[in-house]
Amino acid sequence: MIKSKEELNNYITADRKALDMKHPFLASLTFGEHARIRNYLTTLRYTEYYSQKSGLIGKILYGIQNLNLRRKSLKYGIYIAPNSIGKGLNLPHPGFIRVDSFVKIGANCTILPMVLFGKAHPTDNTQIIIGDNCYFGVGSSVIGKNIKIGNNVTVAAGAVVTKDIPDNVVVAGIPAKIIKYKE
Numbered sequence: 018m019i020k021s022k023e024e025l026n027n028y029i030t031a032d033r034k035a036l037d038m039k040h041p042f043l044a045s046l047t048f049g050e051h052a053r054i055r056n057y058l059t060t061l062r063y064t065e066y067y068s069q070k071s072g073l074i075g076k077i078l079y080g081i082q083n084l085n086l087r088r089k090s091l092k093y094g095i096y097i098a099p100n101s102i103g104k105g106l107n108l109p110h111p112g113f114i115r116v117d118s119f120v121k122i123g124a125n126c127t128i129l130p131m132v133l134f135g136k137a138h139p140t141d142n143t144q145i146i147i148g149d150n151c152y153f154g155v156g157s158s159v160i161g162k163n164i165k166i167g168n169n170v171t172v173a174a175g176a177v178v179t180k181d182i183p184d185n186v187v188v189a190g191i192p193a194k195i196i197k198y199k200e
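Below you can see the structure in the form of structure tokens.
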């Protein structure tokens with residue numbers, strides 16, 4: 018949760034550093050895909066910041082940012098619930114990505130398009146917790162009840178994670194199995 022203006026700037030800076038844009042101004046002029054992602058993430062972080070504010074002005078600013086985030090979610094096909102992802106998020110390409118409020122993701126994670134974090138059944142009261150420095154390949158899914166994924170985990174493209182995953186591994190397959198241990 019982003020509580021101060023300094024923390025907001027740290028999150029935005031870490032997200033922009035993770036995108037590694039060489040020429041952000043030119044990307045915005047030429048409607049580059051990284052400019053859209055950068056814009057979305059900045060709006061997400063401002064929404065997280067204003068969600069912590071109280072008082073009438075804080076609630077109005079939160080409402081404006083939340084509407085702006087919802088508009089961009091529909092426009093870009095990315096839905097990330099506020100206060101669900103740590104700083105340094107890297108979305109290399111735009112495309113369908115869904116991270117609901119029951120998902121908590123650590124810092125410096127990379128998520129490629131067509132990634133889904135979901136419940137096994139709509140009425141499940143579940144929580145998915147993901148560590149720092151994780152990588153989710155194209156089309157991977159994390160589906161189930163109360164799943165924990167450790168730090169430094171790589172989920173291969175198309176993998177379906179249904180069980181807990183320890184730290185420092187690469188998983189692949191349906192259902193996902195450990196195929197390699199990282200050193």
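For the sequence shown, the working numbering assigns the number 18 to the initial residue and increments by one for each residue that follows. Glycine included, each C-beta is placed from N, C-alpha and C at the ideal position.
Requested in this report: Could you please give the first and the last residue of the uninterrupted alpha helix (DSSP H) stretch that includes LEU61?
Outcome: Looking up residue 61 in the sequence shown gives position 44. Per DSSP, LEU61 belongs to the alpha helix (DSSP H) from 50-68.
Requested in this report: Could you check what DSSP says for ASN168 in three-state terms: helix, strand or coil?
Outcome: In the sequence shown, counting from the first residue as 1, residue 168 sits at position 151. If DSSP states are grouped into helix, strand and coil, ASN168 belongs with coil.
Requested in this report: Rounded to whole angstroms, what's the CA-CA distance from ASN83 to PRO130? Just pull it up for me.
Outcome: Here residue 83 corresponds to residue number 66 of the sequence shown, with the count starting at 1. Here residue 130 corresponds to residue number 113 of the sequence shown, with the count starting at 1. So the two alpha carbons sit approximately 23 Å from each other.
**Report entry** Closest Cα partner of PRO111 within the set LYS162, HIS51, ASN26 and ASN27
**Finding:** Translated into positions along the sequence shown, residue 111 becomes position 94. Of the listed residues, the one whose Cα sits closest to PRO111 is HIS51.
Requested in this report: Look up ALA189 in the DSSP assignment and say whether it is helix, strand or coil.
Outcome: Within the sequence shown, numbered from 1, the residue matching residue 189 stands at position 172. Note: ALA189 maps to strand in three-state DSSP.
Query raised in the report: Do three or more CB pairs link the segment 70-84 to the segment 24-32 at distances below 8 Å?
Result: No, they do not touch.
Requested in this report: Quick one: grab the DSSP three-state call for ILE29.
Outcome: Translated into the one-based positions of the sequence shown, residue 29 becomes position 12. Of the three classes helix, strand and coil, the one that applies to ILE29 here is helix, per DSSP.
Report task. Could you check which residue in LYS180, VAL188 and LYS76 has the C-alpha nearest to that of ALA174? Result -> Taking the first residue of the sequence shown as 1, we reach residue 174 at position 157. Nearest C-alpha to ALA174: VAL188.
Report task. Using only alpha-carbon positions, find the residue among THR127, LEU61, HIS138 and THR143 that is nearest to PHE153. Result -> Looking up residue 153 in the sequence shown gives position 136. PHE153 has its Cα closest to that of THR127, out of THR127, LEU61, HIS138 and THR143.
Query raised in the report: Does the Cβ-Cβ distance between VAL172 and PHE134 come in under 8 Å?
Result: Numbered from 1 along the sequence shown, position 155 holds the residue referred to as residue 172. Numbered from 1 along the sequence shown, position 117 holds the residue referred to as residue 134. Going by C-beta atoms, VAL172 is not nearer than 8 Å to PHE134.
Query raised in the report: Hey, how far is the Cα of LYS121 from the Cα of MET18?
Result: As a working mapping, residue 121 is identified with position 104 in the sequence shown. As a working mapping, residue 18 is identified with position 1 in the sequence shown. LYS121 and MET18: Cα-Cα distance of roughly 11 Å.
**Report entry** 8 Å contact criterion, which ILE182 and GLY167 should meet: CB distance rounded
**Finding:** What you label residue 182 is simply residue 165 of the sequence shown in a count that begins at 1. What you label residue 167 is simply residue 150 of the sequence shown in a count that begins at 1. Between the beta-carbon of ILE182 and that of GLY167 there is about 6 Å, and that keeps the pair under the 8 Å contact cut.
Query raised in the report: What's the C-alpha gap between ASP37 and LYS104?
Result: Reading the sequence shown from its first residue, position 20 is the one you call residue 37. Reading the sequence shown from its first residue, position 87 is the one you call residue 104. Straight-line Cα distance between these residues: approximately 14 Å.
Report task. Specify, as a first and last residue, the run of the beta strand (DSSP E) that LEU133 falls within. Result -> Position 116 of the sequence shown, counting from 1, holds the residue named residue 133. From DSSP, the beta strand (DSSP E) with LEU133 extends over 132-135.
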